[in-house]
Amino acid sequence: MQLGETIYPMEEDFIMVHLQYSCSNCRSFMSSGKRWACHQCRSFYICDKCYSAEQELEERERHPSNSRETHELHPVDIVGVPEETKDGDGIIESKFFDTRHAFLSLCQENHYQFDTLRRAKHSSMMVLYRLHNPTVV
């Protein structure tokens, strides 16, 4: 959660995948209840709490506040978001991933390269194979 909050302002520099909708006002993730969507504005969603606060505002201060016309917000049920999000996979320990230098040595010794997409895919596959099969030469 802290990582997401840290890199959120830099989202234009990263490929970000939002697995849950976040409120456009308070930036909290919406995992249950309703989200309120504006069909005229691309990716504008607010939570129930912010919707209640929006309804208490004067007509000219409501969404969008920089326009003469107000947009209607429509409720959308939030479904399919699991309550439990813990990862069931165990932690795999490996000496090659303990330090940055150990990983660099592994890549240099095995000629793993990441300069093209094709090489990056192959190198990633081989690194994962090495992680899951540490005794294979």
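Each residue of the sequence shown is one higher than the one before, starting from 1 at the first, in full-length UniProt numbering. Where a beta carbon is used, it is the ideal one built from N, C-alpha and C, also for glycine.
Following the continuous alpha helix (DSSP H) through residue i, name the residue where it begins and the one where it ends.
| i | result |
| --- | --- |
| L117 | L117 to H132 |
| F114 | It is not in any alpha helix (DSSP H) - F114 carries neither H nor E in the DSSP assignment. |
| D109 | Note on identity: in this sequence residue 109 is Glu, with Asp being the wrong assignment. R100 to E109 is the extent of the alpha helix (DSSP H) around E109. |
Which residues mark the beginning and the end of the beta strand (DSSP E) in which residue i is found?
| i | result |
| --- | --- |
| L3 | Not the beta strand (DSSP E): L3 falls in the alpha helix (DSSP H), residues Q2 to I7. |
Taking C-beta to C-beta, are residue i and residue j nearer than 8 Å?
| i | j | result |
| --- | --- | --- |
| P75 | K49 | no |
| C23 | C38 | no |
| M30 | I78 | yes |
| Y45 | Y21 | yes |
| W36 | L73 | yes |
| S123 | Y112 | yes |
| F114 | F103 | no |
| N110 | M125 | no |
So residue i packs on residue j, CB below 8 Å; how close in whole Å?
| i | j | result |
| --- | --- | --- |
| H63 | E54 | 6 Å |
| S94 | L131 | 6 Å |
| H71 | C26 | About 19 Å separates the two Cβ atoms, so there is no contact after all. |
Residue i: beta carbon under 7 Å from a heavy atom of the ligand GTP?
| i | result |
| --- | --- |
| L106 | No copy of the ligand GTP occurs in the structure displayed, which carries no ligand at all. |
In the DSSP assignment, what residue or residues form a beta bridge with residue i?
| i | result |
| --- | --- |
| F29 | S22 |
| A37 | Y45 and H74 |
Uninterrupted beta strand (DSSP E) stretches inside the stretch 39-97 (no shorter than 3 residues)
With a minimum length of 3 residues, the continuous beta strand (DSSP E) runs that stay inside the stretch 39-97 are 73-77.
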